[in-house]
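Enquirer: Structure provided below as structure tokens; questions to follow.
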Amino acid sequence: MINALRGMKDLTFEESERFVHIVTTAIGIAKKYGYSYIETPILEETKLFRRSVGESSDIVGKEMYQFMDKGDNDVCMRPEGTAGVVRSFVQAKLDRRQNEKFKFYYYGPMFRYERPQKGRLREFHQFGCESFGEGSVYEDFTIIEMIGDIFKALGIGYKLQINSLGCPKCMPPYRENLISFLTECKDELCEDCNRRIDTNPIRVLDCKNEKCQSLLVNSPKLINNLCESCDNDFNKLTTLLQSANIDYEVDTNLVRGLDYYSKTAFEFVSDEIGSQSAIAGGGRYDKLVEFLDGKPTPAVGFALGIERIMELVQMPETSREGYYLGAMDAEAVDSLFPLASKKRATDKVTVEYGAKKLKAHLKGADKVNARYCAVIGEDEFRDGTIWVKDLVEKEEFTIAQSEF
Numbered sequence: 002m003i004n005a006l007r008g009m010k011d012l013t014f015e016e017s018e019r020f021v022h023i024v025t026t027a028i029g030i031a032k033k034y035g036y037s038y039i040e041t042p043i044l045e046e047t048k049l050f051r052r053s054v055g056e057s058s059d060i061v062g063k064e065m066y067q068f069m070d071k072g073d074n075d076v077c078m079r080p081e082g083t084a085g086v087v088r089s090f091v092q093a094k095l096d097r098r099q100n101e102k103f104k105f106y107y108y109g110p111m112f113r114y115e116r117p118q119k120g121r122l123r124e125f126h127q128f129g130c131e132s133f134g135e136g137s138v139y140e141d142f143t144i145i146e147m148i149g150d151i152f153k154a155l156g157i158g159y160k161l162q163i164n165s166l167g168c169p170k171c172m173p174p175y176r177e178n179l180i181s182f183l184t185e186c187k188d189e190l191c192e193d194c195n196r197r198i199d200t201n202p203i204r205v206l207d208c209k210n211e212k213c214q215s216l217l218v219n220s221p222k223l224i225n226n227l228c229e230s231c232d233n234d235f236n237k238l239t240t241l242l243q244s245a246n247i248d249y250e251v252d253t254n255l256v257r258g259l260d261y262y263s264k265t266a267f268e269f270v271s272d273e274i275g276s277q278s279a280i281a282g283g284g285r286y287d288k289l290v291e292f293l294d295g296k297p298t299p300a301v302g303f304a305l306g307i308e309r310i311m312e313l314v315q316m317p318e319t320s321r322e323g324y325y326l327g328a329m330d331a332e333a334v335d336s337l338f339p340l341a342s343k344k345r346a347t348d349k350v351t352v353e354y355g356a357k358k359l360k361a362h363l364k365g366a367d368k369v370n371a372r373y374c375a376v377i378g379e380d381e382f383r384d385g386t387i388w389v390k391d392l393v394e395k396e397e398f399t400i401a402q403s404e405f
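This is the structure we're talking about:
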């Protein structure tokens, strides 16, 4: 038997219902915040992610599904969604439309070659939003508020962690201070951290190695070295969160897993999926449009992991809906289809193709959770009527097929 590849998973039955519920809930809320749908290709040029996500990131260094296609193009399956949306934004020349703002939402599969574990697959799905053209910290707050609305609608509890990653003005001096600190303790740091000291020292703060984390407790904190503009924005963000009664904690080592973030960075975490783990995250990336050859454009966004929150979602109660149509005589089966076609204009309809006894049809209606069981027996077929039972109100009646 051929099985799905390791780290790839089918979505069926209850899981598929949860998936659709998560996506439709998130889409509904995103639309209320003014976002419209965007679809980008699963396959992109590898250089898109090398330039945006960053050579020093684990995604580019270790995890991408990368290959040469039949035209000798270096391509990969997208490991995340933001870079593709920004590429599309620049390619459509939206960056040249001065003083206009654009808001997009997307959802779909992403691919990373890493060790599969609970809530972390090689093919996984994300829902995300990207906002272009708005540089105000009010937009950062609004994005965070929207994510909170999505999780509230899904019945998911969370903790919000925030940090500031500074800007090109305050980052260089902090970077030098951090390199000095890391160089002094490099012999005790892991191999990855030692490599990152030379490539991108900020990424050391994201190391999951417990020993490295214990050493980083005393590292210099970027939040204490922000320029006036970044400091004002971060203080404004915390004020807005407090005013909206949104609980948060400042995590000075929060840098996210991608190189394109600046200023605001945030994660929503849950301790209900094993060890405390991120279920959504994002931040501001004002320089990414420029990195991908566009005009300077402020931007902020987020993505949430759908598999990460599957088990946390509180599904709404399902109620009976629609019609089940059946016949008790083979001669009457054909007469079900015109009735089903008309009913499907407004309702869900299930048709049983085989002639069965009434008891069997009632069981069939139960299996598909139908509100009404409608059956044509020998008498009904002769008289041009149909027998109907309301399975909620427990009422039954016979009416003309033309009225049904």
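Just so we're aligned: the sequence shown equals residues 2 to 405 in my numbering.
Cβ coordinates follow ideal geometry from the N, Cα and C atoms, glycine included.
No experiment lies behind these values; they were computed from the predicted model shown.
Evaluate LEU6 with the Cβ neighbour count: other Cβ atoms within 10 Å of its Cβ, from every protein chain shown; 16 or more gives buried, anything less gives exposed.
Expert: The residue is exposed, with fewer than 16 neighbouring Cβ atoms inside 10 Å.
Enquirer: Do you know offhand how far PHE20's Cα is from LYS344's?
Expert: In a straight line, the C-alpha of PHE20 is about 28 Å away from that of LYS344.
Enquirer: Pick from GLY134, ALA279 and TYR261: whose alpha carbon is nearest that of LEU289?
Expert: Taking only the C-alpha atoms, the option nearest LEU289 is TYR261.
Enquirer: Quick check on the burial criterion: 16 or more other C-beta atoms within 10 angstroms. Buried or exposed for GLY30?
Expert: At residue 30 the sequence reads Ile, which differs from the Gly that was named. Buried, by the Cβ-count rule.
Enquirer: To which residues of the same chain is ILE23 closer than 8 Å at the C-beta, ignoring the five residues directly before and after it?
Expert: PHE128, LEU155, ILE307, ILE310, MET311 and VAL314.
Enquirer: Can you tell me which residues form a DSSP beta bridge with MET69?
Expert: In the DSSP output, where bridge partners are listed per residue, MET69 has ASP75.
Enquirer: Express the C-alpha separation of ALA93 and GLU268 in angstroms, rounding to a whole number.
Expert: About 30 Å.
Enquirer: Between the Cα of LYS357 and those of THR25, GLY109, LEU326 and ARG285, spot the shortest distance and give me the residue it belongs to.
Expert: Out of THR25, GLY109, LEU326 and ARG285, LEU326 has the C-alpha closest to the C-alpha of LYS357.
Enquirer: Quick check on GLU312: does DSSP put it in helix, strand or coil?
Expert: Helix at GLU312.
Enquirer: How should SER403 be labelled, buried or exposed, when 16 other C-beta atoms within 10 angstroms of its C-beta is the threshold for buried?
Expert: Looking at its Cβ environment, which holds fewer than 16 other Cβ atoms inside 10 Å, SER403 is exposed.
Enquirer: Mind listing, in chain order, the continuous alpha helix (DSSP H) runs of no fewer than 4 residues lying wholly within the region 245 to 320?
Expert: Counting only runs of 4 or more, we get 289 to 292 and 307 to 310.
Enquirer: Report yes if the C-beta distance between PHE103 and GLY134 is below 8 Å; otherwise report no.
Expert: Closer than 8 Å, so yes.
Enquirer: Do the region 167 to 186 and the region 225 to 239 make contact, defined as three or more Cβ pairs closer than 8 Å?
Expert: In short, these stretches touch, since the Cβ pair count reaches three.
Enquirer: The beta strand (DSSP E) spanning CYS374 covers which residue range?
Expert: Segment 373 to 377, the beta strand (DSSP E) holding CYS374.
Enquirer: Give me the Cα-Cα distance between LYS237 and GLU140, rounded to the nearest whole angstrom.
Expert: If you take the alpha carbons of LYS237 and GLU140, they lie about 12 Å apart.
Enquirer: Going by beta carbon distance, what residues of the same chain come within less than 7 Å of GLU291, once the five residues before and after it are set aside?
Expert: Cβ neighbours of GLU291 beyond the five flanking positions: PRO297.
Enquirer: Helix, strand or coil for LYS104, going by three-state DSSP, please let me know.
Expert: If DSSP states are grouped into helix, strand and coil, LYS104 belongs with the strands.
Enquirer: Would THR386 be called buried (16 or more neighbouring beta carbons within 10 Å of its own) or exposed?
Expert: Buried is the call here.
Enquirer: Where does PHE338 land, buried or exposed, given buried means 16+ other C-beta within 10 angstroms?
Expert: Exposed: under 16 other Cβ atoms inside 10 Å.
Enquirer: Less than 8 Å between the beta carbons of LEU179 and PRO110, yes or no?
Expert: The answer is no: Cβ separation not under 8 Å.
Enquirer: Would you check if there are 3 or more beta carbon pairs closer than 8 Å linking the region 316 to 330 to the region 366 to 373?
Expert: In short, these stretches touch, since the Cβ pair count reaches three.
Enquirer: If you draw a straight line from the C-alpha of LYS212 to the C-alpha of LEU190, how long is it?
Expert: One C-alpha to the other measures close to 7 Å.
Enquirer: If I measure Cβ to Cβ from THR399 and keep anything under 6 Å in the same chain, skipping five residues before and after, which residues do I get?
Expert: THR386 and TRP388, listed in sequence order.
Enquirer: Just verifying my parser: in three-state terms, what is the DSSP assignment at ASN233?
Expert: The answer is helix: DSSP assigns ASN233 an H, G or I state.
Enquirer: With distances taken from CA atoms, which of LEU363, SER58 and TYR107 is nearest LYS32?
Expert: It is TYR107 whose Cα lies nearest to the Cα of LYS32.
Enquirer: Under DSSP, the beta strand (DSSP E) around TYR325 begins and ends at which residues?
Expert: Element bounds for TYR325: 324 to 328.
Enquirer: If distances are taken between C-alpha atoms only, which option among VAL205, GLY167 and ASN164 comes closest to THR184?
Expert: Of the listed residues, the one whose Cα sits closest to THR184 is VAL205.
Enquirer: What are the boundary residues of the beta strand (DSSP E) that CYS130 is part of?
Expert: Its beta strand (DSSP E) spans residues 124 to 133.
Enquirer: With distance defined between alpha-carbon atoms, name the residue in VAL301, SER53, GLY378 and PRO317 nearest to SER137.
Expert: Ranking the options by Cα distance to SER137, first place goes to VAL301.
Enquirer: For SER37, write down the residues that DSSP places opposite it in a beta bridge.
Expert: DSSP, once it has assigned bridges, lists PHE105 as partnering SER37.
Enquirer: With DSSP as the reference, label ASN164 as helix, strand or coil.
Expert: Note: ASN164 maps to strand in three-state DSSP.
Enquirer: Hey, which unbroken runs of the beta strand (DSSP E) at 3 residues or more fall wholly within the region 341 to 397?
Expert: With a minimum length of 3 residues, the continuous beta strand (DSSP E) runs that stay inside the region 341 to 397 are 350 to 352, 373 to 377 and 386 to 391.
Enquirer: Please name the residue, chosen from PHE182, LEU305 and ARG52, that lies closest to ALA27 on a Cα-to-Cα basis.
Expert: Closest by alpha carbon: LEU305.
Enquirer: Express the C-alpha separation of ASP367 and LYS390 in angstroms, rounding to a whole number.
Expert: So the alpha carbons of these two residues sit roughly 12 Å apart.
Enquirer: In terms of alpha-carbon separation, which member of ARG98, GLY158 and GLU332 lies closest to GLU381?
Expert: Closest by alpha carbon: GLU332.
Enquirer: Between the beta-carbon of GLY149 and the beta-carbon of ILE247, is there less than 8 Å?
Expert: Cβ distance < 8 Å, so GLY149 and ILE247 count as in contact.
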